[in-house]
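Undergrad: I'd like to ask some things about the structure below.
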Amino acid sequence: MKLTTLLLGLALAFTSLHAAAYEKTLKQKGLKVELVSEKPLTAGNNHIKVKLYKSSKPLDGAKVALKIFMPAMPGMPYMESRAKAKPVGNGTYEADFNAAMGGTWQVHIFVTTDEGKKYRFKTSFNL
C-alpha cells in the first residue's frame with residue numbers, strides 16, 4: 004500500500020513538472036517566428052519568448068511587439084495587453100503580458116527588421 008501511494012505520488016509530481024508549455028511556430032516570407040513559454044500560459048501574468056529566424060539563422064536587431072487581445076462578446080468588453088519584446092541575444096526576444104481571464108486570446112506579433120521590413124504574424128491560444 005505504501006509503495007503504491009509512493010509511486011502514485013511520484014507519477015503525479017513528474018507529470019506536474021513536465022506540464023505542457025506553450026509553443027507555436029509561424030512562417031511568413033522567409034521569416035520564422037517561434038513563440039515559447041517555459042510554463043503553461045495562464046490567466047494573469049505570463050512570460051513569453053519570441054525567437055526569430057531568417058534563412059534558418061537567428062535574427063538579431065529587430066523590433067518585436069505583441070498585441071494579445073480578446074474580442075468583445077455579449078456582456079464582456081474588449082480586452083487587450085500590449086508588450087514590446089526586449090532582445091536577449093541569439094535571435095531571442097522576451098516579453099511579459101497579462102491575459103485577464105480564461106478563454107481564446109488572439110495574438111498579433113509585429114516584427115520590424117533592422118532593414119525596415121515589416122511583418123505581422125497572427126495566432127491564438129486558449130486558457
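End of the sequence shown = 130 in this note's numbering, gap-free, step of one. Each residue gets a CB set at the ideal place from its N, CA and C atoms; glycine is no exception.
(1) Can you tell me the Cα-Cα spacing of N48 and W108, whole angstroms?
(2) Using DSSP with H/G/I as helix, E/B as strand and the rest coil, what is K32?
(3) Is the stretch 104-120 touching the stretch 29-37, taking contact as three or more C-beta pairs under 8 Å?
(4) Quick one: what's P90 bridged to in DSSP?
(5) Return the chain-ordered ranges of every alpha helix (DSSP H) run that is complete within the stretch 47-75 and spans a minimum of 4 residues.
(6) At a cut of 8 Å, does the stretch 51-60 reach the stretch 72-80 through at least three beta carbon pairs?
(7) Hey, how far is the Cα of T111 from the Cα of F124?
(8) Keeping to the same chain, check which residues put their C-beta closer than 7 Å to that of K42; ignore five residues upstream and five downstream.
(9) Do A98 and K87 have their CB atoms nearer than 8 Å?
(10) Do you know how far the Cα of T28 is from the Cα of G92?
TA: This is what the structure holds:
(1) Across the structure, N48 and W108 are spaced so that their CA atoms are roughly 14 Å apart.
(2) Of the three classes helix, strand and coil, the one that applies to K32 here is coil, per DSSP.
(3) Touching, yes, given that three or more Cβ pairs across the two stretches are closer than 8 Å.
(4) Answer is Y96, bridged to P90.
(5) Counting only runs that start and end inside the stretch 47-75, there is no alpha helix (DSSP H) element of at least 4 residues.
(6) Touching, no, given that fewer than three Cβ pairs across the two stretches are closer than 8 Å.
(7) In the sequence as presented, Thr is not what sits at residue 111; that position holds His. The straight-line gap from Cα to Cα measures roughly 6 Å.
(8) The residues are A24.
(9) Yes, Cβ-Cβ distance for A98 and K87 is below 8 Å.
(10) Computed Cα separation, rounded: 19 Å.
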